[in-house]
Structure formats: structure tokens, C-alpha cells
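Worksheet: one structure, shown below.
Protein chains: 2
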Amino acid sequence: MTDLARRAAELDAADPLAEHVDRFVRGGDVVAYLDGNSLGRPLRSLPQRYGDFIERDWGERLIRSWDEQWMRRPFDLGDRIGALVGAGPGQVFVGDSTTVLLYKLARAAVDAQAERGRTEIVIDEDNFPSDRFIVEGIAAERGCTIRWIEADPAGGVSLEQVEEAVGERTALVLLSHVAYRSGFVADVAGITRAAHDAGALVLWDLCHSAGVIPVGLDEHGVDLAVGCSYKYLNGGPGAPAFGYVRSDLHERLAQPIQGWMGAADVFAMGPRFEPAAGLGRFLSGTPPVLATVALEAMVELVESVGIDAVRAKSIALTDFAEAALAEHVLPLGARLASPPAGPHRGSHLTVTHPSFREVNARLWERGVIGDFRAPDGIRIGLSPLSTTFAEVDVGVAALGEELRRALR
Amino acid sequence: MTDLARRAAELDAADPLAEHVDRFVRGGDVVAYLDGNSLGRPLRSLPQRYGDFIERDWGERLIRSWDEQWMRRPFDLGDRIGALVGAGPGQVFVGDSTTVLLYKLARAAVDAQAERGRTEIVIDEDNFPSDRFIVEGIAAERGCTIRWIEADPAGGVSLEQVEEAVGERTALVLLSHVAYRSGFVADVAGITRAAHDAGALVLWDLCHSAGVIPVGLDEHGVDLAVGCSYKYLNGGPGAPAFGYVRSDLHERLAQPIQGWMGAADVFAMGPRFEPAAGLGRFLSGTPPVLATVALEAMVELVESVGIDAVRAKSIALTDFAEAALAEHVLPLGARLASPPAGPHRGSHLTVTHPSFREVNARLWERGVIGDFRAPDGIRIGLSPLSTTFAEVDVGVAALGEELRRALR
Numbered sequence: 001m002t003d004l005a006r007r008a009a010e011l012d013a014a015d016p017l018a019e020h021v022d023r024f025v026r027g028g029d030v031v032a033y034l035d036g037n038s039l040g041r042p043l044r045s046l047p048q049r050y051g052d053f054i055e056r057d058w059g060e061r062l063i064r065s066w067d068e069q070w071m072r073r074p075f076d077l078g079d080r081i082g083a084l085v086g087a088g089p090g091q092v093f094v095g096d097s098t099t100v101l102l103y104k105l106a107r108a109a110v111d112a113q114a115e116r117g118r119t120e121i122v123i124d125e126d127n128f129p130s131d132r133f134i135v136e137g138i139a140a141e142r143g144c145t146i147r148w149i150e151a152d153p154a155g156g157v158s159l160e161q162v163e164e165a166v167g168e169r170t171a172l173v174l175l176s177h178v179a180y181r182s183g184f185v186a187d188v189a190g191i192t193r194a195a196h197d198a199g200a201l202v203l204w205d206l207c208h209s210a211g212v213i214p215v216g217l218d219e220h221g222v223d224l225a226v227g228c229s230y231k232y233l234n235g236g237p238g239a240p241a242f243g244y245v246r247s248d249l250h251e252r253l254a255q256p257i258q259g260w261m262g263a264a265d266v267f268a269m270g271p272r273f274e275p276a277a278g279l280g281r282f283l284s285g286t287p288p289v290l291a292t293v294a295l296e297a298m299v300e301l302v303e304s305v306g307i308d309a310v311r312a313k314s315i316a317l318t319d320f321a322e323a324a325l326a327e328h329v330l331p332l333g334a335r336l337a338s339p340p341a342g343p344h345r346g347s348h349l350t351v352t353h354p355s356f357r358e359v360n361a362r363l364w365e366r367g368v369i370g371d372f373r374a375p376d377g378i379r380i381g382l383s384p385l386s387t388t389f390a391e392v393d394v395g396v397a398a399l400g401e402e403l404r405r406a407l408r
Numbered sequence: 409m410t411d412l413a414r415r416a417a418e419l420d421a422a423d424p425l426a427e428h429v430d431r432f433v434r435g436g437d438v439v440a441y442l443d444g445n446s447l448g449r450p451l452r453s454l455p456q457r458y459g460d461f462i463e464r465d466w467g468e469r470l471i472r473s474w475d476e477q478w479m480r481r482p483f484d485l486g487d488r489i490g491a492l493v494g495a496g497p498g499q500v501f502v503g504d505s506t507t508v509l510l511y512k513l514a515r516a517a518v519d520a521q522a523e524r525g526r527t528e529i530v531i532d533e534d535n536f537p538s539d540r541f542i543v544e545g546i547a548a549e550r551g552c553t554i555r556w557i558e559a560d561p562a563g564g565v566s567l568e569q570v571e572e573a574v575g576e577r578t579a580l581v582l583l584s585h586v587a588y589r590s591g592f593v594a595d596v597a598g599i600t601r602a603a604h605d606a607g608a609l610v611l612w613d614l615c616h617s618a619g620v621i622p623v624g625l626d627e628h629g630v631d632l633a634v635g636c637s638y639k640y641l642n643g644g645p646g647a648p649a650f651g652y653v654r655s656d657l658h659e660r661l662a663q664p665i666q667g668w669m670g671a672a673d674v675f676a677m678g679p680r681f682e683p684a685a686g687l688g689r690f691l692s693g694t695p696p697v698l699a700t701v702a703l704e705a706m707v708e709l710v711e712s713v714g715i716d717a718v719r720a721k722s723i724a725l726t727d728f729a730e731a732a733l734a735e736h737v738l739p740l741g742a743r744l745a746s747p748p749a750g751p752h753r754g755s756h757l758t759v760t761h762p763s764f765r766e767v768n769a770r771l772w773e774r775g776v777i778g779d780f781r782a783p784d785g786i787r788i789g790l791s792p793l794s795t796t797f798a799e800v801d802v803g804v805a806a807l808g809e810e811l812r813r814a815l816r
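First to last, the sequence lines map onto chains D and S.
Quick note: the first sequence uses the working numbering, first residue 1, plus one each step.
Quick note: the second sequence uses the working numbering, first residue 409, plus one each step.
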């Protein structure tokens, strides 16, 4: 047993959240799953929960379930997710994909700001593709300009960069709370304040933080946010996203995809669209109820554990992964492309090496699952509730072995 | 036993599709489910299928499933749904809600037509709310006018009305194949031809026909279509919709919600958006895979039975329901607000009476589930694979009893 393996065993033994690891499906050939930041593992309770849902809520209550519970589901589940990201009730809803919600909320912000002569959108060059593509599309269709912030790919967007970028023409600042490549955690408090000081609205993408890092949306006065539910919220492949709109903005904003579920009286089916008075106006189509059964189960678990405890294990796992990389991988010429330990480090690390595309393919074959990101990065995602320190040790050691083999 | 009950028993005994009824969950207090046009019943195979999906595809293969199968899922499942609505491969995709897809495809059409100076959208006053609301929103944001066709609430939009409405300014005609209230089946062939003769594009809403009535999209040269999967395709509450874009339009149209899944190279994550060369450009966010497990199971069943056989039973059920209404309900002063038997009648009937709001509430309590639609309609939906003639007899008789009680 190596020193690191011993250290991993000690950390697992002392881990107050260790009991939860076995709540997740851990089958097949997988020896180390280091990609919970891309697709969280399923909970073992899900087959039963889906069975109950199918037989009772759907199969027995049938259409009556809409009245009994499903119409409220986007808001009930939204409130619970809201609590995990620091949002009080009535501000978070579930529905649509992250991309569609980015479009809806960014359009709502840009259209409202256009009335005040503000037509510039601030975003960084290294933001996730959907965020950038949505902004490109909106800029083209609404006659806006884009102010691109050049981000450090191994770091992220700094407060100073935002302060320099915003001004009297800025309509919206759209940034990721945690950078999808580097795992850099942005300064939500400072950047939101800087955007507001310039008269801009801010939309935070929480995809890589929701369920693993406290966000403090209300505390920091955030305007808008969108987050993903299939990463650290383990909602399953393609599970619906959630959106946050601060209470006092509900009546001031309108989103463009006007559907029956966003109307003031859904079943009036009246002749003309009238948006719902509150958060409901940000809904469009029929809520994706069947798709949220897994998400609800994970939200329950995170609630019971507490987001601060989840974050504490996330930090411990990331620190341990860094030590394992320093032992097995960095000496072979790979580079860590993530921030150092501290408040700017999220729950995943990226390592880079020109051979990593082939290395990652080999790792997948032996059941060590990280995430290759072009051109040369492997992301090591550490989903605290489903990942052991031993798993990190085994996975990173395998990464070192395969890199060594590739370099022969 | 009444004559009608005897007739129902004979029809069930002779029904070539009778064996399929028990493939569906039939539990709880429900004695007659007449709302499969709103939410189809779940298949009994689903708990097992969800269990397998969760434990194997998601739980064991984890992120590898994206490469192995999930990236193709919107198109593979789309092709299979396409076959049910008369579309050849490579033209149908699954994802987003009906409302979001209506927005994306209507915007794509309107934006393309604007370049040719066409700025009017034709739609009927009695179309489903989302269809109308989407058109209102797009007209406002893109500077279009709306030409409203006045529809007969008990019938639908006629070819003559469309011929009169379209002209050199028409950009898009957006109509429902089957009217959500009356069940009227529009003349897809004639109306599509009339729209094309005027230089307009046509977008058909297939929500109330997909999976129960052949559509012939390719045969009739339809441009665009959107359909729902939780009605006659039994995909479960809020299951994703599907969109159809005729092959030769792929390169000529662009939709506004530019996400990573619609990019030419999804994992290039390059600096600027470049739309996928084919159908892929109509995708936006991550495909809703978990949400399509139920849908896939039902598509399999409809494939095995054949859409023509499904339609044949749909006609027989509707004819029988009309006879039962004539016996139990119409003599009490209720009115049939649906077309007579024939090619213009879909798979549901609407009956109206001023007392139906309270009558429907009573019916729900006794497990007879139809669908109240303000101000005074009850829809009787007849999902052929899960509905027996006996169920229709029992349900319509109960409707008569409760109406009689309300009138006392």
C-alpha cells in the first residue's frame, strides 16, 4: 500500500459523509468515477421511486395529478433547489434545458435594458459554449454588441476585469460561477456589485456549482441565474435545468417564449396572452414532471446532509486529488490547469497533457472515468456524496500509469 | 345489461387490438379513463425499463453512454416517431417542450421569410393557447402582423378559409392538425398546397394526432411540424416534444436558441457558433434522455401494431362514444361540439353543457376521468391501445347519470 492509498483510507474512515456513498448505483466495470461534474451517478433508490411514480402518481391518479401536485412542481422543487443556492422561496423554477433558460432569461434582461439604451453584453471568451452561443445569437437578433473578456483558461474572470468591462452601455453581464474547464470560482459578491454599480443586470450560470458550492444568490443581490440538474444534483442525463429571477424583477421582465404555462390563468385559454403575475411568467410549456423524479431524490439527500458539509468534503477531495496528481501525474510533464486550493477552487480539477486524448480512451476501457476536454485536458470531477478518497487515489494512479505508457 | 353494454362487449371481443389494453397500468379507483388525449396511461413495462436504464445505461456506463448511444437519441427516436407521422429519416428530432419547439421553428420560418418581405402569420383564433401566444410574441418582436382565422369551435379551419387568408405577404401558416377542442382534422394536403401556392411556409401542430392518426408529412410536402409525446405517445407527464423540418429546409433555416448541441462540432467548443450542417442545428441544449424512456417504449408498441390499425380502432371507439352520448347525454340537453363521423373527426369528442364543470368534478371522484375545458366542455379522449369499448360505455353512462343529478 502506498502512502497515498493509506492516506485515502484514513480520510474515508474519518469522512462524516462516507455512509452516503453506498446510496448510489456502483455497478459494472467502473473502478473510479471522476466525472460526477458532468453526469452525477444515479441513486439506488431511483428504480423504486420511478416505479412508485409510474404506478401511483401517473398510473392511478392520471390527469388528476396535475391538479393535485404537478402544476406546483416547478415551483416546489424550485424552492428546494433555491435553498441550496441561497435563494428564498418563490424565485426559482424548474423546466427547459440550461440553454433554453439562458436564452429566456438573457433575452428578458437584454430587452428590458434596451429600453434604457443599454445594448452591450459582457461575457468571457472561455465561458461554456452554450452561454457564448446564446449571447452571440441574442446580440445578432437584438442589435447588441458583445464585450468579450479574455479569461485565463487555467483561472477565470476576475473582479478587476469585470470592473473594466462594464459601463453605461452594459445591459447584461453573463458569467459562470464555476468555470467549466478550470473549476475557477468567480467572485459572485464583488462582480454582482460591480455590474450593479454600472447599471447592468447580471446572470450567473450555476451549472458547475449548484448542489456542491453555496452560492448566496439573495445575499449577493443577484438578478438572474440558471443552473443544471444532471451534474452535482444527479438528475439524470438531460434532466431539466432551473432558473432564478429575483422577486422584484418578476414584473419588470418578460421572456419571449410565451406558452400556456406562463399565462396568468393557465386554463382560461383566453384569446390573448397575459403573463402570470409572478415567477410563473418565466415558464413556457408543460412542466417536465417525469424528468424530475431523480432530481427530487437527490435534492432530498443534499438537504439532509447540508450544502456546507457537501462543500467541506468537496474541498477535502479536491485537495487530495491535487496531492495524488502531484505524486502520479505532474512529474510526467502534465500541468494542473486549475486554481490553487482556496476560495477560488471549485469541485473539479483539470490537468493537461498533449497525450490525454488517447490516455483518456484507455482509462475508460479500464473503468476509470474522467472527462476529456479538447484539446488536451482531463477533468477530474469530485462529486462529494458519491465519491471516495480511495476512488480518487485509484483513478489518479491509473491516469499516471496510462500517461507513462503513452510516453514510452 | 343495456343494449350499449352488450354492443361494447361484442366490440371488445372482436377488437384485434384488445390484447394490448392490459399492457398499460390500470390501477387505483379508475373505472373509465377518457383522457388519453391529455395524458396517456403508462405502460406496465416501464418500472422495469426505468430500472434497467438507471442501473445499466446510466449507472454502469455513466458518461460513456453519451458516446455509445445518447448523442444519437434525439435523431434515432426522432426517426421512429417520424415513421408514425409519415416522415422519412433525418427530419425529426426529439427535445424541448412543444412550446419551445413552436417558438424555435416558427422563428426560423418567420426570420427566413422576412428576407423576402413576407411579414404576416396566419393562425386561427381557436388554436391551442401556446400556438397563439407564441405567434403573438414573435409578431411583436419581429414586427409581423397576424391574420386571425375565425374558427368554428365545434369544427375547425377549412381549406377555403386558408385560401382566403394567405397572400403575397404571408410568411407562415401555423395550424393544428387536430383541433384540441373539437377534434376536427384539418386538410393537411390541401392547406399545405394552398400555403405553398401563396409562397408561405406551413407549420403543423401534431399534438392531438401524433401516434393516433397518420399525417403524411412527406407525402403532403409539409415544411415544419411540432408534436407532443405525452398524449397518444404515452411519454409521461411533461415528456419532450418532437420537431420535423423537411430535409431541403435544413440549410435554409436557422433557429434562434443557439446551444452547444446545435453546433457543427459539439465537443470542439470553439470560439464562435457554427450551426450543424443538418437537422442537428435545431437542437439547443443537452438532449432529455431520461425523459424519453417511456416514450420509446410506446413508440415500440405503436410500431408493432401499425398506425393504420391504431387509427381504425380510434374511429371505432369514437363512433361508439358518439352512440353512447346520443343514448345517455345528449337527450339531457348537452351538445356535441365535434365533427360528425368521417375524415374530419379525430380521436376525441367534446360535449358541452353549462353544468359540466361540477359534473366533471363528480366524475373524477368516482373514477371516471374525462377532461373539463372552460367554459363548458368535457373532452372524451379515446386512446386506442389502452381503451376498451366497455370503458367508454361505463364512462359515458356515468356522465349521463351525473348530468341528470346536476339537473335535478
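For every residue, glycine included, the Cβ atom is placed at its ideal position computed from N, Cα and C.
The structure presented is a predicted model; accordingly, all values stated were derived computationally and were not measured.
For residue 381 of chain D, does the three-state DSSP call read helix, strand or coil?
strand
Can you give the Cα-Cα distance for residue 79 of chain D and residue 202 of chain D, rounded to whole angstroms?
21 Å
Strand pairing of residue 227 of chain D, partner residues [DSSP]:
D:242
Counting only Cβ-Cβ distances shorter than 8 Å, please list the residues of the region 29-41 of chain D near chain S, keeping chain order.
29, 30, 33, 35, 38, 39, 41
Please report the residue range of the alpha helix (DSSP H) in which residue 250 of chain D lies.
That residue, residue 250 of chain D, is in no alpha helix (DSSP H); it is neither H nor E in DSSP.
Reducing DSSP to helix, strand and coil, say where residue 614 of chain S ends up.
coil
State whether the region 771-780 of chain S contacts the region 60-79 of chain D, with contact taken as three or more CB pairs (one from each stretch) at a distance under 8 Å.
yes
Going by the beta-carbon positions, is the gap between residue 109 of chain D and residue 172 of chain D smaller than 9 Å?
yes
Give the interface partners of residue 64 of chain D over in chain S, defined as CB-CB distance under 8 Å, in chain order.
772, 777
Alpha carbons only, please: which of D:55, D:351, D:35, D:85 is nearest the one belonging to residue 306 of chain D?
D:85
Among all the DSSP beta bridges, which residues are the ones paired with residue 740 of chain S?
Residue 740 of chain S pairs with nothing; no bridge assigned.
Starting from residue 600 of chain S and walking both ways along the alpha helix (DSSP H), at which residues does that stretch end?
596-605
According to DSSP, which residues form a beta bridge with residue 177 of chain D?
Answer is none; residue 177 of chain D lacks a bridge partner.
Against chain D, does residue 706 of chain S count as a neighbour if the rule is that its beta carbon must be under 9 Å from one of theirs?
no
Contact between the region 750-765 of chain S and the region 585-598 of chain S is defined here as three or more beta-carbon pairs at a separation below 8 Å; is this criterion met?
yes
Is DSSP giving residue 495 of chain S helix, strand or coil here?
coil
So, helix, strand or coil for residue 257 of chain D, using DSSP?
coil
Cβ-based neighbour list, residue 785 of chain S, same chain, cut-off 8 Å, excluding 5 preceding and 5 following:
589, 745, 758, 759, 760, 764
Can you tell me which of D:406, D:214, D:141 puts its alpha carbon nearest to the alpha carbon of residue 309 of chain D?
D:214
Which whole runs of the alpha helix (DSSP H) in the region 18-67 of chain D are 4 residues long or more, in chain order?
46-52
Cutoff 6 Å; reference residue 8 of chain D; Cβ partners in own chain excluding five residues on either side
389, 390, 393
Within the chosen definition, does the region 86-98 of chain D reach the region 136-148 of chain D through at least 3 CB pairs nearer than 8 Å?
no
Can you tell me the Cβ-Cβ gap for residue 582 of chain S and residue 599 of chain S, rounded? I've got them flagged as a contact below 8 Å.
About 11 Å; that fails the 8 Å criterion.
Distance, Cα to Cα, residue 412 of chain S vs residue 732 of chain S?
7 Å
If we ignore side chains and look at the alpha-carbon of each, how far apart do residue 1 of chain D and residue 39 of chain D end up?
31 Å
For a quick check, are the C-beta atoms of residue 290 of chain D and residue 400 of chain D less than 9 Å apart?
no
Interface residues of chain D around residue 463 of chain S at Cβ under 8 Å?
25, 27, 42, 47
Residue 485 of chain S (DSSP reduced to helix, strand or coil)
helix
Find the nearest neighbour of residue 169 of chain D within the set D:148, D:216, D:117, judged by alpha-carbon distance.
D:117
From the DSSP output, read off the bridge partner residues of residue 120 of chain D.
D:145, D:170
Helix, strand or coil for residue 723 of chain S per DSSP?
helix
Do you know offhand how far residue 104 of chain D's Cα is from residue 87 of chain D's?
19 Å
For residue 374 of chain D, would you say it is in contact with chain S, using Cβ-to-Cβ distances shorter than 9 Å as the test?
yes
Grab the span of the beta strand (DSSP E) containing residue 560 of chain S for me, first residue to last.
Residue 560 of chain S -> no beta strand (DSSP E), and no H or E assigned at all.
Please list the terminal residues of the continuous beta strand (DSSP E) segment that includes residue 797 of chain S.
Counting along the chain, residue 797 of chain S falls outside any beta strand (DSSP E), though it belongs to the alpha helix (DSSP H) covering 797-815.
Taking C-beta to C-beta, are residue 555 of chain S and residue 523 of chain S nearer than 9 Å?
no
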